[in-house]
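Below is one structure, written out as structure tokens; the observations come after it.
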Amino acid sequence: MSEPVIQALDRLFDLAASDTGQARRAANFLLAWWNAQDNGGFDLADLFGVDREVAADMAVVFVYLGGHHGAIYPDQLGYEDKIVALVHQWRLREPAD
8 MSEPVIQALD RLFDLAASDT GQARRAANFL LAWWNAQDNG GFDLADLFGV DREVAADMAV
68 VFVYLGGHHG AIYPDQLGYE DKIVALVHQW RLREPAD
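Residue numbers (the working numbering): 8 to 104.
In structure tokens:
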């Protein structure tokens, strides 16, 4: 994996771990890659709600995944702890009363 891909993933995971509108969109992108059936897909219209730099990082990851022969997931790239943390942060929250 190239340094630009690593840097893009690191920035996306860091953003997704925060608590902003862009964080939700970054988390949706990463969680859709992890397991879209369980976590929901990524709405391409969400690109309109992120800064250009964030969209560029998503594009770097998308190009990397598209050019990879066969499926590859975050845990295979050393991001298992981070993706599991995102599942807990964004998908396993207790519903509000």
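All C-beta atoms, glycine included, are put in the ideal place defined by N, C-alpha and C.
Taking the CB atoms as reference points, tell me whether residue i and residue j lie closer together than 8 Å.
i, j, result
"A24", "Q96", "yes"
"L37", "Q29", "no"
"N46", "V94", "yes"
"M8", "L84", "yes"
Helix, strand or coil for residue i? Go by DSSP, reduced to three states.
i, result
"F65", "Sequence inspection shows Met at residue 65; the Phe mentioned does not correspond to that position. If DSSP states are grouped into helix, strand and coil, M65 belongs with the helices."
"Y80", "coil"
"A24", "coil"
"Y71", "helix"
"V57", "coil"
"L37", "helix"
"D88", "helix"
"L51", "helix"
"L99", "coil"
List the whole-angstrom C-beta distance separating residue i from residue j, where the pair is believed to meet the contact cut-off of C-beta under 8 Å.
i, j, result
"D64", "R18", "5 Å"
"V57", "A15", "Between A15 and V57 the Cβ distance is about 13 Å, and since that is not below 8 Å, they are no contact."
"W40", "P81", "7 Å"
When you compare each of the options to residue i by their alpha carbons, which one comes out closest?
i, options, result
"N35", "Q83, L84 and V61", "V61"
"R59", "D88, I13 and A33", "A33"
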